[in-house]
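S.K.: Please read through the structure below; I'll follow up with questions.
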């Protein structure tokens, strides 16, 4: 098999495996998997910018929260129909990406990290400031009646799983196609050597801007899906914690790999889940795990796999 | 009929914080010519070509390409017009395979299907003799091969103007010979501007020579004219004294 | 008119914030300047300084001044040693790769935070200031009787807060002397200029880095020991100083010490002044966006060329 058909097979296998998990795993883990898949969509959005374009953002919670609040506020506080509210969430995430990308891309490297961090922090504080509408840290719950789409009740555990799997699969396949496309390869060129890419005639600024737009909007879709499927919107999701999570997931799973984000979320989720069952200090365990991975598997799980076993891994 | 002018500069000037790197450079490059740009160290050659392809913004003056004023265009747009530039300090995509390095150059204009891109890449790699290393990671190549890869990336762009900034620097003797053959092979199909220290390479490739000294054009003409020019000899002798 | 005295009070509060911020940010700036790494755990070293100060003052338990003096001597030393150890144990092994350093320091952040939560607990704990007289803010007016000074609003600042400003200035002067007048400073600057050349000239770069990392953390700890009598020690107190220090270091121009101090004063003062007149949240939003805009339009910082 060629690398291309192998990667095609890999992605379909992964999706089949996740689908099979629904029938094999106990209900608790099916629930976990739904959550992991939605967060993996967020992580894939982050990976597009960090893993493939080489831009390290510390403010992606802003995009996640833009989708989440754009949808959540308009459906719950504004009373709009679910479909329309989803479109508003999408538009919000896109607009925020448009503005943040325009401004933040004027900076580079550490300054880019800090500027994105600042914008996200301002977003978080804005959510708190308008506490009378957003309910701040406490957050708000979206009525079960509002969490239906095309007549499917998405608060139901089964429907939620399949919806999450559908969203995850579409995103995964789109990412796989994207990174093999000439656009995706140009992004990799920007990551590897921006000046050389420019001197080959690539409009590197435009490439980076499009990457921010796609990445931010995808993160927003993740936020929206989270609100829709799990029915809760809160300021935690806009906090710096949620900007650092996707960085960790992607680094753990393997930056610049298609399956890395899912592996990273899965690993981190179960790490915290398992360790919190025998100790309160799950953050301690997470910290130690980070250090160990950082010292011994710097390419992340999928990256190490690619380096040692499957060089064709996309 | 005289050959059309491909590239022209008018009063091109660059100052770095009061220090003049280039002063009022008026330069003409006819289409199809292979021209060498020579001059002592610090004469402003790299700054000059940097301004041609837009890497370095000019302080004043204009650049014309195919009769159009491109002074205000950013680097990537100038490149897209048909200028290729190889870096003085090797700059390849070190973590990507050799094939992908050239493919990025070929693919940019978007006119080819991926299969056509790969055909073209193989053709270019074959031409420079890197085809058997196509699947290696570029960073693993020897220095000489990386320099050749740079040239292959330039060829992959199908440039109208090919600017090579000190391409033979650090190459072994046999590689230099291969390079000279390659340039002579390209002659006629593209216009070449070659910055070069190695006078032997210049004499074996160039049809015309421009000499820069202290950021100004000191002389231009055929290789014979330049060789016999007393001002050029003085400039070279002068700086070699200063370097000692 | 109430505006005048409030402004004075705000400026003094701002100066206290600025003083603490300068110390913390200088620590981050030195580490970034010399080692070219972003230390995300910097705020946790600040937090540890405060927590150690509480333990030390509890342990001694006699007069608050004794506890304070002991804390300001011992806590930074402990924190600095810990940081230097972490540098050798972790950062050196990943060769200060920028991205991996960020992940590693996030890992350190989690460990320090959780470790503190498990030992020190979730409560905020106060440390008594060594002295604490209230100094009222005077106001003056030209009346028919001539020039008059009076204390009409009962607004005041404590002597300890003035001491913070003074102590921070002394420490900063010390850092400046260390950087410019000592052999260690020279070695640090040489390493900052060109790591390879310094190494070639026999500078033990690994050792210098460990010291620099320790020094950076110790400076944050000094800031924290100074601030605990005003702001209680808490295991989550590290985030705000981290964020503000980042801002200050960037605005001041990366790795520039005078720029860092000027930016710290600027940010500390505006933060203090804005928050007196607006809701703290709104003040923070405005300040955060303002900083982001400065970075966007003056990416080399206000002092950069």
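Chains as they are written, first to last, in my numbering: chain A, 18 to 331; chain B, -9 to 234; chain C, 99 to 403. Note that CB positions come from ideal geometry on N, CA and C, so glycine has one too. None of these values were measured; they are calculated from a predicted model.
#1: Threshold first: 4 residues or longer. Then list the alpha helix (DSSP H) segments lying entirely within the stretch 153 to 218 of chain A, N to C.
#2: Mind checking residue 317 of chain A: buried by the 16 CB within 10 Å criterion, or exposed?
#3: Among the candidates C:106, C:168, C:176 and C:114, whose CA atom is the shortest distance from the CA of residue 312 of chain C?
#4: Can you confirm whether residue 115 of chain C, when its beta carbon is compared against all beta carbons of chain A, has any partner nearer than 8 Å?
#5: Measuring from the CB of residue 335 of chain C, is there a heavy atom of the ligand FMN at a distance below 7 Å?
#6: Does the Cβ of residue 210 of chain C have 16 or more other Cβ atoms within 10 Å, making it buried, or fewer, making it exposed?
#7: Looking only at its chain, what residues have a beta carbon closer than 8 Å to the beta carbon of residue 160 of chain B, apart from the 5 residues adjacent to it on each side?
#8: From the DSSP output, which residues share a beta bridge with residue 177 of chain B?
#9: Residue 202 of chain B and residue 34 of chain B look like a contact to me (Cβ under 8 Å); what is the Cβ gap, rounded to whole Å?
#10: Straight-line CA distance for residue 311 of chain A to residue 282 of chain A?
#11: Residues of chain A with CB closer than 7 Å to the CB of residue 69 of chain B, please, in chain order.
#12: Measure the C-alpha to C-alpha separation of residue 97 of chain A and residue 103 of chain A and round it to an integer number of angstroms.
#13: Per DSSP, what are the beta-bridge partners of residue 151 of chain B in this structure?
#14: The alpha helix (DSSP H) that contains residue 312 of chain C, what's its start and end?
#15: What does residue 201 of chain A reach in chain C if we use C-beta pairs closer than 8 Å?
#16: As a quick exercise: from A:181, A:150 and A:269, pick the residue whose alpha carbon is nearest that of residue 39 of chain A.
#17: Using the three-state DSSP reduction, which class does residue 122 of chain A fall into: helix, strand or coil?
#18: Is there a C-beta anywhere in chain A that falls below 8 Å from the one on residue 232 of chain B?
#19: Return yes when the Cβ of residue 209 of chain B is within less than 8 Å of the Cβ of residue 260 of chain B, no when it is not.
#20: Which partner residues of residue 112 of chain B appear in the DSSP bridge assignment?
#21: Under 8 Å, Cβ to Cβ, is there at least one residue of chain C near residue 73 of chain A?
#22: Quick one, which residues of the stretch 37 to 58 of chain A are near chain C if we go by CB-CB under 8 Å, in chain order?
#23: Is there contact between the stretch 161 to 177 of chain A and the stretch 39 to 52 of chain A, where contact requires at least three CB pairs shorter than 8 Å?
#24: Less than 8 Å separating the beta-carbons of residue 156 of chain B and residue 78 of chain B?
#25: Which whole-angstrom value describes the C-beta separation of residue 26 of chain B and residue 196 of chain B, a residue pair presumed to lie in contact below a C-beta threshold of 8 Å?
#26: Suppose the cutoff is 7 Å on Cβ atoms and the five residues either side in sequence are ignored; what does the same chain contact list for residue 9 of chain B look like?
#27: By Cβ distance below 6 Å, which residues in the same chain neighbour residue 126 of chain C in space, the five residues on each side in sequence not counted?
#28: What's the C-alpha gap between residue 15 of chain B and residue 53 of chain B?
#29: Against residue 382 of chain C, what residues of chain A qualify as contacts under a CB-to-CB distance less than 7 Å, listed in chain order?
#30: Short check: CB of residue 221 of chain A to CB of residue 211 of chain A, under 8 Å?
#31: For a test of the three-state rule: what should DSSP assign to residue 246 of chain B, helix, strand or coil?
#32: If contact means a Cβ-Cβ distance below 8 Å, which residues of the stretch 134 to 165 of chain A contact chain D?
#33: Among C:149, C:284, C:137 and C:333, whose alpha-carbon lies nearest the alpha-carbon of residue 299 of chain C?
#34: Among A:263, A:92, A:105 and A:193, which one has its Cα closest to the Cα of residue 26 of chain A?
#35: Can you check whether the C-beta of residue 221 of chain A is within less than 8 Å of a C-beta belonging to chain B?
#36: With DSSP as the reference, label residue 329 of chain A as helix, strand or coil.
M.R.: Reading it off the structure:
#1: Inside the stretch 153 to 218 of chain A, DSSP marks whole alpha helix (DSSP H) runs of 4 or more residues at positions 174 to 197, 199 to 209 and 211 to 215, from first to last along the chain.
#2: Working through the first chain from its first residue, we reach residue 317 of chain A at position 300. Buried, by the Cβ-count rule.
#3: Position 214 of the third chain, counting from 1, holds the residue named residue 312 of chain C. Nearest option by C-alpha distance: C:176.
#4: For the purposes of this step, residue 115 of chain C is taken as the residue at position 17 of the third chain. Taking Cβ atoms only, chain A never reaches closer than 8 Å to residue 115 of chain C, which makes this a no.
#5: This structure lacks the ligand FMN, and indeed carries no ligand of any kind.
#6: Along the third chain, one-based indexing puts residue 210 of chain C at 112. Classification of residue 210 of chain C: buried, given that the 10 Å Cβ count is 16 or more.
#7: The residue you call residue 160 of chain B lines up with position 170 of the second chain. Excluding residues up to 5 positions away in sequence, 133, 134 and 137 lie with their Cβ nearer than 8 Å to the Cβ of residue 160 of chain B in the same chain.
#8: Translated into the one-based positions of the second chain, residue 177 of chain B becomes position 187. For residue 177 of chain B, the pairing in a beta bridge is given by DSSP as B:180.
#9: What you label residue 202 of chain B is simply residue 212 of the second chain in a count that begins at 1. What you label residue 34 of chain B is simply residue 44 of the second chain in a count that begins at 1. Indeed, because the Cβ distance is near 6 Å, the residues count as touching under 8 Å.
#10: Taking the first chain and counting its residues from 1, one reaches residue 311 of chain A at position 294. Taking the first chain and counting its residues from 1, one reaches residue 282 of chain A at position 265. Approximately 16 Å, taken between the alpha carbons.
#11: Locating residue 69 of chain B in the second chain gives position 79, where the first residue counts as 1. In chain order: 216, 217 and 218.
#12: Translated into positions along the first chain, residue 97 of chain A becomes position 80. Translated into positions along the first chain, residue 103 of chain A becomes position 86. Rounded to the nearest whole angstrom, the C-alpha separation of residue 97 of chain A and residue 103 of chain A is 10 Å.
#13: Numbered from 1 along the second chain, position 161 holds the residue referred to as residue 151 of chain B. BP columns for residue 151 of chain B point to B:73 and B:181.
#14: For the purposes of this step, residue 312 of chain C is taken as the residue at position 214 of the third chain. Counting along the chain, the alpha helix (DSSP H) containing residue 312 of chain C begins and ends at 303 to 325.
#15: By one-based count along the first chain, residue 201 of chain A stands at place 184. The premise fails here: residue 201 of chain A is roughly 21 Å from chain C at the closest Cβ pair, so nothing lies under 8 Å.
#16: Start at 1 with the first residue of the first chain, and residue 39 of chain A comes out as number 22. That would be A:181, whose Cα lies nearest to the Cα of residue 39 of chain A.
#17: By 1-based counting over the first chain, the position of residue 122 of chain A is 105. The three-state secondary structure of residue 122 of chain A, taken from DSSP, is coil.
#18: Sequence index remark: in the second chain, residue 232 of chain B carries index 242 (1-based). In this predicted model, residue 232 of chain B has a pLDDT of only 39, less than 50, meaning its place in the structure is not dependable enough to derive any value.
#19: Summary: the structure shown does not reach residue 260 of chain B, with chain B confined to residues -9 through 234, and so no result is reported for it.
#20: To locate residue 112 of chain B, count along the second chain from 1; it is residue 122. For residue 112 of chain B, which the question treats as bridged, DSSP gives no partner whatsoever.
#21: Within the first chain, the letter at position 56 stands for residue 73 of chain A. Interface flag for residue 73 of chain A against chain C is set, since a Cβ pair is found closer than 8 Å.
#22: Within the stretch 37 to 58 of chain A, no residue qualifies.
#23: Because the criterion of three Cβ pairs below 8 Å is met, the stretch 161 to 177 of chain A and the stretch 39 to 52 of chain A touch.
#24: As a working mapping, residue 156 of chain B is identified with position 166 in the second chain. As a working mapping, residue 78 of chain B is identified with position 88 in the second chain. Yes, the pair counts as a contact, with Cβ atoms nearer than the cut-off.
#25: Start at 1 with the first residue of the second chain, and residue 26 of chain B comes out as number 36. Start at 1 with the first residue of the second chain, and residue 196 of chain B comes out as number 206. That pair is a contact at about 4 Å.
#26: Counted from its first residue, the second chain places residue 9 of chain B at position 19. Nothing listed; no residue qualifies.
#27: The residue labelled residue 126 of chain C in the question sits at position 28 within the third chain. Counting only Cβ-Cβ distances below 6 Å, and skipping sequence neighbours, we find 140, 343 and 347.
#28: For the purposes of this step, residue 15 of chain B is identified with residue 25 of the second chain, where counting begins at 1. For the purposes of this step, residue 53 of chain B is identified with residue 63 of the second chain, where counting begins at 1. In a straight line, the C-alpha of residue 15 of chain B is about 10 Å away from that of residue 53 of chain B.
#29: Locating residue 382 of chain C in the third chain gives position 284, where the first residue counts as 1. Neighbours of residue 382 of chain C on chain A, chain order: 142.
#30: Residue 221 of chain A sits at position 204 when you count from the first residue of the first chain. Residue 211 of chain A sits at position 194 when you count from the first residue of the first chain. At a Cβ-Cβ threshold of 8 Å, residue 221 of chain A and residue 211 of chain A count as neighbours.
#31: There is simply no residue 246 of chain B to check, as chain B begins at -9 and stops at 234 in what is shown.
#32: Absence of chain D from the displayed structure is noted, the protein chains being A, B and C.
#33: Residue numbering aside, residue 299 of chain C sits at position 201 when the third chain is read from its first letter. Nearest of C:149, C:284, C:137 and C:333 to residue 299 of chain C, Cα basis: C:284.
#34: Mapped onto the first chain, residue 26 of chain A falls at position 9. Closest option to residue 26 of chain A, Cα to Cα, is A:193.
#35: Your numbering for residue 221 of chain A matches position 204 in the first chain. Closer than 8 Å: yes.
#36: If you number the first chain from 1, residue 329 of chain A lands on position 312. Here residue 329 of chain A sits in coil by DSSP.
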